[in-house]
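Single-structure report; data block below.
Number of protein chains: 2
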Amino acid sequence: MAQSDTVDRILDAAEELFAERGFSETSLRMITSKAKVNLAAVNYHFGSKNALIHAVFARFLTPFSATLEQAFDELEERCGDQPPTLNETLWALTESSIRMPQRNEKGIAIFMRLLGLAYTQSQGHLRKFLEQEYSEPFSRFMRLLKQATPQLSAVDRYWRIQFMLGATAFTMSSSDALRDILQNKTGVETSVQEIALRLVPFLAAGMQAENPMLMPPVDSKISVA
Amino acid sequence: MAQSDTVDRILDAAEELFAERGFSETSLRMITSKAKVNLAAVNYHFGSKNALIHAVFARFLTPFSATLEQAFDELEERCGDQPPTLNETLWALTESSIRMPQRNEKGIAIFMRLLGLAYTQSQGHLRKFLEQEYSEPFSRFMRLLKQATPQLSAVDRYWRIQFMLGATAFTMSSSDALRDILQNKTGVETSVQEIALRLVPFLAAGMQAENPMLMPPVDSKISVA
DNA sequence: GTCTGTTTGAAACATACGTTTGAGACACTC
DNA sequence: GAGTGTCTCAAACGTATGTTTCAAACAGAC
C-alpha cells in the first residue's frame with residue numbers, strides 16, 4: 001500500500017487508550033496489540049513513546065486551533081469596534097471544540113479528556129511541546145478574556161481564569177468516570193455537549209461574581225490578613 | 001526506639017513525592033531514598049505500594065473528616081431549623097481545611113493536590129478505598145449543598161459540584177506554581193488563604209448561576225438537543 | 001545473659017517497560 | 001529480474017519496577 005494505515009491505527013489506539021488510562025499507565029504493548037500492529041512499528045514510525053504522544057495531540061490540536069482562530073476572527077468581525085462579551089468568547093471556544101470534525105462518536109470526549117490530562121499529568125515534555133506549538137490561539141483567548149472583563153483587577157482576573165481552567169480541565173479529564181457515576185445513580189445519560197452547555201454558564205457567572213473579595217460570614221473564624 | 005519513625009518518614013516522603021509527580025510516576029525507590037530508609041521497609045510496614053497510597057490518604061483524611069464533621073455540627077446548630085446557606089456551607093469546608101493542623105507550610109497545597117490526583121488518576125483501588133472509608137462526611141456535604149440550592153435539578157447540581165471540585169483541586173494543587181507565576185508577572189504575593197477568599201465567591205456565583213441551561217448567543221451554530 | 005518478637009539491611013527475584021536489532025517481505029524503478 | 005528503499009516481524013537488550021528472601025541488628029522480658 002502506498003501509505004500504510006499502520007500509522008493511523010497506532011494513533012487511533014493510542015488516543016483511545018491514553019484518554020482511558022493516562023499516559024504512563026498505557027504501555028506501547030497495549031497500544032500495538034489494540035492496533036494489531038507490531039511493537040516495533042511505534043518506534044519506527046514515531047521514534048519514541050513521547051513523540052507518539054505529541055503526534056496524538058497534534059492530530060486533533062492542529063485542525064482545532066485553526067478552527068478556533070477562525071471562530072475568533074468571525075467573532076471579532078461581528079462585534080465591530082467593541083470587544084466581544086465574556087459569554088460570546090466562551091461560546092466561541094465551546095463551539096469550536098464541539099463542531100470539530102470527529103473521527104468517531106467518542107471524538108469530543110477523548111479530545112477533552114486528553115486536554116485535561118495534558119494539564120493534570122505532569123508530563124514536562126508535553127507541556128513544552130504544547131506551549132511552543134499552540135501558544136498563539138491560547139494567548140489570543142487570554143486577550144479576549146481580558147477585554148471582556150475590564151471590571152476585574154489583573155490579579156482577580158488571573159485567579160478567576162485559573163478557576164475556570166481548573167473546572168474545565170478537571171471535569172473533562174474525568175468526564176467518562178463522572179458520566180458513569182451519574183448514570184449509575186440516576187440513570188441519566190449525559191453527552192459531552194450537555195456538559196459544556198452546563199459548564200459555560202457556571203464559568204461565566206463565577207467570572208463575573210459581584211464582589212471580588214467577598215468576606216466570610218460574620219461569625220467566621222477566618223481573619224482576613 | 002519504641003515506635004520507629006520509619007513509618008512516618010516513609011509517609012512524609014511518599015506524600016510529597018506523590019503530590020509532586022503522581023502515583024504511577026513515583027517509585028518505591030524514590031520514596032525510600034528520600035526518606036532514607038531501606039527499600040523493603042515499605043512492603044514490611046504497609047504490605048504493598050497501593051496500601052502505602054491508602055495510608056498516605058488516611059493520615060490526613062481521617063483528622064480532616066473529624067474536623068469537618070465538627071464544623072458541620074456547629075453550623076447546623078447555629079442555623080437552628082432552617083438549612084445553612086450555600087455561602088455558609090462553603091465557608092465551613094474552607095475553614096476546616098485551612099484550620100487543619102499541618103505538618104509543614106505546604107500542608108494545604110499537598111492536601112489539595114492529592115485529592116485532585118485521587119480523582120484524576122484512574123486508580124481504581126484508591127477510589128474504592130476513599131468511597132468506603134470517607135463516604136459519610138462527603139455525603140453530608142452533598143446533603144448540605146442540596147439544601148442550600150433547592151432551585152437546582154439533581155443533574156444540574158451534580159455537574160456544578162464537579163465544576164467546584166475541579167476549580168478547587170486544580171487551583172490548590174498547583175497553587176505554588178501559580179503563585180510564583182503571578183509574583184513574577186506583577187510582584188503580587190498571594191497566600192493560600194487569599195486564594196480561598198477569591199475562590200469561594202467564584203464558586204458560589206457559579207453554583208447559583210441564573211439559568212441552569214443558558215442558551216448560547218442567538219447567532220450561535222450550536223443546536224441544543 | 002538468654003530468649004523472643006520486631007525491625008532493618010543488602011541482595012536477589014520475577015516481571016514489565018521502552019527501545020534496538022537484523023532478517024525478511026513487499027512494492028517499485030530501471 | 002536485479003536492485004532499492006520502505007515497512008513488518010519476532011526476538012532480544014538493558015533498565016526499572018514491585019516484591020520477596022533471609023540473615024543480622026535491635027529491643028524488652030524473664
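Quick mapping for you: the protein sequence lines, in order, are chains E and P. Take the first sequence: its position 216, counted from the start at 1, is 216 in full-length UniProt numbering, and no numbers get skipped. Take the second sequence: its position 85, counted from the start at 1, is 85 in full-length UniProt numbering, and no numbers get skipped. Just so it is clear, CB atoms sit at the ideal spot from N, CA and C, and this is done for glycine as well.
- With fewer than 16 other CB atoms across the displayed protein chains lying within 10 angstroms of its CB, leucine 39 of chain P is exposed.
- Residues of chain E with a Cβ closer than 9 angstroms to the Cβ of glutamate 77 of chain P do not exist; the shortest Cβ-Cβ separation is about 12 angstroms.
- Cβ-Cβ distances below 8 angstroms link phenylalanine 202 of chain P to Ala167 in the same chain, with the five nearest sequence neighbours on each side left out; the list follows chain order.
- DSSP, read as helix, strand or coil, puts serine 27 of chain P in coil.
- For phenylalanine 64 of chain E, not one C-beta of chain P is nearer than 8 angstroms to its own C-beta.
- A Cβ-Cβ distance of about 5 angstroms is found for the pair threonine 94 of chain E and alanine 196 of chain E, placing them in contact under the 8 angstroms criterion.
- Residues of chain E with a Cβ closer than 7 angstroms to the Cβ of alanine 14 of chain P do not exist; the shortest Cβ-Cβ separation is about 16 angstroms.
- For proline 201 of chain P, the nearest beta carbon of chain E is closer than 8 angstroms to its own beta carbon.
- Valine 192 of chain E has a beta carbon lying at 8 angstroms or more from every beta carbon in chain P.
- Only exposed fits alanine 154 of chain P, as fewer than 16 other CB atoms lie within 10 angstroms of its CB.
- Listed in chain order, the non-local C-beta contacts of histidine 54 of chain P below 6 angstroms within the same chain comprise Phe129, local neighbours out to five positions each way being set aside.
- With respect to phenylalanine 170 of chain E, leucine 114 of chain E sits apart: the two C-beta atoms are not nearer than 8 angstroms.
- Under the DSSP assignment, asparagine 87 of chain P falls in the alpha helix (DSSP H) whose first and last residues are 86–99.
- Closer than 7 angstroms at the C-beta level to chain E, one finds these residues of the UniProt domain "HTH tetR-type" (4–64) of chain P: Arg21, Gly22, Ser24, Glu25.
- At a C-beta separation below 7 angstroms, arginine 160 of chain E has these neighbours in chain P: Phe202.
- Close to threonine 120 of chain E, with beta-carbon spacing below 9 angstroms, are these residues of chain P in chain order: Gly22, Gly116, Leu117, Thr120, Gln121, Phe170, Ser173.
- Phenylalanine 57 of chain E: member of the alpha helix (DSSP H) spanning 49–79, first to last residue.
- Between the beta-carbon of arginine 9 of chain P and that of alanine 51 of chain P there is about 17 angstroms, and that puts the pair past the 8 angstroms contact cut.
- Listed along chain E are Arg198, each with a C-beta nearer than 9 angstroms to that of aspartate 156 of chain P.
- Serine 191 of chain P and alanine 109 of chain P have their C-alpha atoms some 11 angstroms from each other.
- Counting only the Cα atoms, glutamate 74 of chain P lies some 13 angstroms from alanine 66 of chain P.
- Within the same chain, Cβ atoms closer than 6 angstroms to the Cβ of threonine 6 of chain E are found at Val37, Ala41, the five residues on either side in sequence being excluded.
- If you check the CB distance, alanine 13 of chain P and threonine 89 of chain P do not come in under 8 angstroms.
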